[in-house]
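In mature numbering (1 follows the signal peptide of the UniProt record, and there is no 0), the protein residues as written are -28 to -1, 1 to 102.
Where is the CB? At the ideal position from N, CA and C, for every residue including glycine.
Note that this is a predicted model, so its numbers are computed, not measured.
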């Protein structure tokens, strides 16, 4: 019961995630290597709330994505603590939202772990995503 309540509170708090994630996303969007890799389908949003590699990255892209993921983890850690949730729970909820925000042509991780290309249809998401 306590876990369900915590998860519900986490979902409610995640509504505010765009306000928190926007600065991290804005920084990422300024990097032309990241933008090009995302547009080319080399990186995509994972269900765990982090960026993943669809294809093996070059060292420069790996450094950019690692930096973005470190910044995401810092935000998730801070927000999870405030919501009395685990970092993993908060990151998962963020992953649900970030996958929902992908644009047609972008890659995302489906619930079965495969990389999918977003179409005009809603993306495939984990059944726990609201």
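In whole angstroms, what is the alpha-carbon distance linking residue i and residue j?
i	j	result
residue 58	residue 92	33 Å
residue 29	residue 63	23 Å
residue 85	residue 45	21 Å
residue 12	residue 87	13 Å
residue 6	residue 81	17 Å
residue 23	residue 74	12 Å
residue 31	residue 53	33 Å
residue 39	residue 27	18 Å
residue 71	residue 97	8 Å
residue 33	residue 19	20 Å
Spatial neighbours of residue i within its chain, please: C-beta separation below 7 Å, excluding the five flanking residues on both sides.
i	result
residue 2	none
residue 4	none
residue 101	68
residue 78	10, 16 and 90
residue 36	3, 5 and 6
residue 76	90, 91 and 92
Around the C-beta of residue i, are 16 or more other C-beta atoms found within 10 angstroms, so that it is buried, or is it exposed?
i	result
residue 55	buried
residue 67	buried
residue 17	buried
residue 95	buried
Residue i bridges to which residues according to DSSP?
i	result
residue 88	80
In its own chain, which residues sit with a C-beta less than 8 Å from the C-beta of residue i, not counting the 5 before and 5 after it?
i	result
residue 48	21, 59, 62, 63 and 66
residue 99	83
residue 41	22 and 23
Quick one: what's got a C-beta closer than 6 Å to residue i's C-beta in the same chain, skipping five residues either side?
i	result
residue 14	26 and 27
residue 50	none
>> Give the list of continuous beta strand (DSSP E) stretches no shorter than 3 residues that lie fully inside the segment 11 to 83.
In response: 15 to 17, 23 to 25 and 79 to 81
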